[in-house]
Amino acid sequence: MVKINGEELNIAGKSISEFLATTNYDPKRIAVERNGDIVPKAQYDETMLCDGDVVEVVSFVGGG
Amino acid sequence: MVDLIPTKEQWHRALCERHGEDIQRYFESATVAICGLGGLGSNIAVALARAGVGKLVLVDFDKVDITNLHRQQYKADQIGRYKTEALAENLKEIAPYTELALHTVRVNDENAVNLLQNADIICEAFDDAECKAQLVNTVLEKMPHKYIVAASGMAGFSSANTIKTRKITSKFYLCGDEVSDAKDGVGLVSSRVMICAAHQAHMVLRILANEFEV
């Protein structure tokens, strides 16, 4: 299981890109943290989610 | 008027009385970059200058507009001026010994490292969600030793108490309610934007004081 934003999901083995494609996140408005580190945008395709990973997708909204 | 301004030493002593000598020295030796000088950035800058942060790097390409004045630290007679220059003028009146570096440019992937290389901490204070995400990703990818304090979600009249600071990684802090989008037809309200800016400024000061938890 992979924990994403607090929710346990059965998506080990998928890449971050594959996971994001199943969500409503706008890839241009997010940062992805995995086990304490930011995943570089260029590595979303090749970064595979593993059992036990803890991931947070931070999605920005406008205003400042 | 000029001879009534306190000396740099008097200024330093007054701040040491409030913050303690050690912490004040941390503040005075710090460089903080502020990207975007709108409702967040201009208020962050005022708070950090008042606290005696040594150097602020101020980055914004835009000019002061009448629609900015309800929440941003500019004056009516500064409409049409570059925000970098207008804010520098105001900060010099508030805190004359804070050193300022002005960059009237758009931050992008190419110039970010060069603009921000001397900063210990970077504040993301843009308005646009894509620009926010881009800066946060760029800083954390290309300058992984630097701290970034970003903001997301501060529009509208919702409770002040829903604005929070969260620690996302050891170098990335996020302030705001994370949901109130300025594009949902809900305007930005000065007090709530200032609360979010104060969260960012306060986290910057806590990091400088070696307090890393939220």
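Top to bottom, those sequences are chains A and B.
Mapping the first sequence onto the numbering used here, position 47 (from 1) lands on 33, and the numbers just tick up by one.
Mapping the second sequence onto the numbering used here, position 37 (from 1) lands on 66, and the numbers just tick up by one.
Ideal placement from N, C-alpha and C gives every residue a C-beta, glycine not left out.
Using C-beta distances below 6 Å, list every residue in its chain close to residue i, excluding the 5 sequence neighbours before and after it, in chain order.
{"i": "B:S71", "result": "Q101, Q102 and L116"}
{"i": "B:V75", "result": "Q102"}
{"i": "B:V222", "result": "G68, R100 and M183"}
{"i": "B:N147", "result": "T60"}
{"i": "A:F5", "result": "I(-3)"}
{"i": "B:D149", "result": "A59 and T60"}
{"i": "B:V248", "result": "Only positions 30 to 243 of chain B appear in the structure, and residue 248 of chain B is not among them; the question remains open."}
Please work out which residues of its chain come closer than 8 Å, Cβ to Cβ, to residue i, disregarding the five sequence neighbours upstream and downstream, and give them in chain order.
{"i": "B:G83", "result": "F56, E57, S58, A59, T60, T127 and E128"}
{"i": "B:R79", "result": "I123 and A124"}
{"i": "B:L169", "result": "I177, T198, K200 and F201"}
{"i": "A:G49", "result": "none"}
{"i": "B:N140", "result": "V134"}
Answer yes or no: does any C-beta atom of chain A fall closer than 8 Å to that of residue i?
{"i": "B:M183", "result": "yes"}
{"i": "B:L69", "result": "yes"}
{"i": "B:S209", "result": "yes"}
{"i": "B:S199", "result": "yes"}
{"i": "B:N166", "result": "yes"}
{"i": "B:E159", "result": "yes"}
{"i": "B:K212", "result": "yes"}
How far does the beta strand (DSSP E) with residue i in it extend, from its first residue to its last?
{"i": "B:G70", "result": "Counting along the chain, B:G70 falls outside any beta strand (DSSP E), though it belongs to the alpha helix (DSSP H) covering G70 to A80."}
{"i": "B:C152", "result": "I150 to E153"}
Provide the residue(s) that pair with residue i in DSSP beta bridges, ordered along the chain.
{"i": "B:L203", "result": "B:A179 and B:R195"}
{"i": "B:Q84", "result": "The identity of residue 84 of chain B in the sequence shown is Lys, whereas the question assumes Gln. According to DSSP, B:K84 bridges with B:T60 and B:E128."}
{"i": "A:A17", "result": "A:V44"}
{"i": "B:Y111", "result": "B:K92"}
{"i": "A:L(-5)", "result": "A:V(-12)"}
{"i": "A:D74", "result": "With chain A represented from -13 up to 50, any question about residue 74 of chain A goes unanswered, as that position is not in the structure."}
{"i": "A:M34", "result": "A:S1"}
Between which two residues does the alpha helix (DSSP H) containing residue i stretch?
{"i": "B:S220", "result": "S219 to L237"}
{"i": "B:A62", "result": "Run containing B:A62: none in the alpha helix (DSSP H); it sits in the beta strand (DSSP E), T60 to C64."}
{"i": "B:H41", "result": "K37 to H48"}
{"i": "B:L145", "result": "A141 to L145"}
{"i": "B:T167", "result": "A158 to K171"}
Do we get a CB-CB distance below 8 Å when we pair residue i with the residues of chain B?
{"i": "A:F5", "result": "no"}
{"i": "A:I16", "result": "yes"}
{"i": "A:I2", "result": "no"}
{"i": "A:V40", "result": "no"}
{"i": "A:I(-10)", "result": "no"}
{"i": "A:D31", "result": "no"}
{"i": "A:E(-7)", "result": "no"}
{"i": "A:G50", "result": "yes"}
{"i": "A:V44", "result": "yes"}
Between residue i and the rest of its own chain, which residues show a CB-CB distance below 7 Å, the 5 nearest in sequence each way excluded?
{"i": "A:A(-9)", "result": "Residue identity differs from the one stated: residue -9 of chain A is Asn in this sequence, not Ala. Closer than 7 Å at the Cβ level, and outside the excluded window around A:N(-9), lie E42 and V43."}
{"i": "B:S187", "result": "D206 and S209"}
{"i": "A:V40", "result": "K(-11) and N21"}
Notebook entry, point to check: Does the segment 230 to 240 of chain B come within contact of the segment 107 to 124 of chain B, defined as at least 3 CB pairs closer than 8 Å?
Noted result: Verdict: no, contact absent.
Margin query: Any contact between the segment 189 to 207 of chain B and the segment 18 to 30 of chain A? By contact I mean 3 or more CB pairs, one from each, below 8 Å.
Written below: Touching, yes.
Margin query: Whether or not the segment 85 to 95 of chain B and the segment 104 to 112 of chain B are in contact is what I'm after, with contact meaning three or more pairs of Cβ atoms, one per stretch, closer than 8 Å; do they touch?
Written below: Segments in contact, yes.
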